[in-house]
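Q:
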Amino acid sequence: MATIFTHPIIALGLKPLFSTVLNSKAVFWLGMLLTILPDIDVIGLKMGIPYASLFGHRGFTHSLFFAALIAAIISTFLSRRNKANFLASWFYLFLCTASHGVLDALTNGGHGVAFFSPFTNTRYFFSVTPIEVSTLNMTHFFQGQGGR
Ligand SMILES: [Zn+2]
Numbered sequence: 005m006a007t008i009f010t011h012p013i014i015a016l017g018l019k020p021l022f023s024t025v026l027n028s029k030a031v032f033w034l035g036m037l038l039t040i041l042p043d044i045d046v047i048g049l050k051m052g053i054p055y056a057s058l059f060g061h062r063g064f065t066h067s068l069f070f071a072a073l074i075a076a077i078i079s080t081f082l083s084r085r086n087k088a089n090f091l092a093s094w095f096y097l098f099l100c101t102a103s104h105g106v107l108d109a110l111t112n113g114g115h116g117v118a119f120f121s122p123f124t125n126t127r128y129f130f131s132v133t134p135i136e137v138s139t140l141n142m143t144h145f146f147q148g149q150g151g152r
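The sequence shown begins at 5 in the working numbering and counts up by one.
1. Hey, would you say residue 64 sits closer than 7 Å to residue 122, going by beta carbons?
2. Does the separation of the CB atoms of residue 39 and residue 71 fall below 7 Å?
3. So the alpha helix (DSSP H) residue 108 belongs to, where does it begin and stop?
4. Does the Cβ of residue 42 lie closer than 6 Å to at least one heavy atom of ligand 1?
5. At which residues does the alpha helix (DSSP H) containing residue 140 begin and terminate?
6. Let me check understanding here. Comparing Cα to Cα, which of 129, 120, 82 lies closest to residue 112?
Right under this line is the structure:
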């Protein structure tokens with residue numbers, strides 16, 4: 005199941021590939037955080053933003069553009085403070101953020117992922133969807149589907 009607890013596993017899995025060029029623990033912690041950041045869009049659902057809209061769930065924050073943008077912003081900040089090499093941290097943080105949409109597109113429920121937002125809001129799933137979709141309802145998450 006793709007959840008806020010399982011998405012960060014991708015950041016941990018990518019860490020050995022970047023450990024020789026990234027020696028900042030901050031980058032790896034940020035990578036873990038960025039694997040779950042795209043789901044910040046569920047706040048919009050509570051505010052009445054439609055699921056299928058540009059800023060709806062699995063919309064802009066799940067796109068490759070968002071992943072590239074947030075990775076660039078954070079990597080600029082880190083490189084200016086000599087915390088990390090810009091290109092290495094950008095690539096690591098981009099992969100961490102983009103992995104969220106990839107895992108969501110492998111789930112068996114909800115709407116697809118707007119990988120190419122804001123250019124198109126078309127939603128995509130992969131042709132195989134072996135991952136159980138997670139509920140967005142916290143009560144159900146801890147007591148029902150998520151508990152299992
Ligand atoms: Zn998501």
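For every residue, glycine included, the Cβ atom is placed at its ideal position computed from N, Cα and C.
A: Put simply:
1. Within the sequence shown, the letter at position 60 stands for residue 64. Within the sequence shown, the letter at position 118 stands for residue 122. In this structure, residue 122 lies closer than 7 Å to residue 64 by Cβ.
2. Translated into positions along the sequence shown, residue 39 becomes position 35. Translated into positions along the sequence shown, residue 71 becomes position 67. Between residue 39 and residue 71, the C-beta spacing is not below 7 Å.
3. Residue 108 sits at position 104 when you count from the first residue of the sequence shown. Membership of residue 108 in the alpha helix (DSSP H) is indicated by the continuous run 90-109.
4. Counting from one through the sequence shown, the residue named residue 42 turns up at place 38. Result yes, Cβ under 6 Å from ligand 1.
5. Here residue 140 corresponds to residue number 136 of the sequence shown, with the count starting at 1. Premise fails: residue 140 is in no alpha helix (DSSP H) and is neither H nor E.
6. Position 108 of the sequence shown, counted from the first residue, corresponds to residue 112. Per the Cα distances, 129.
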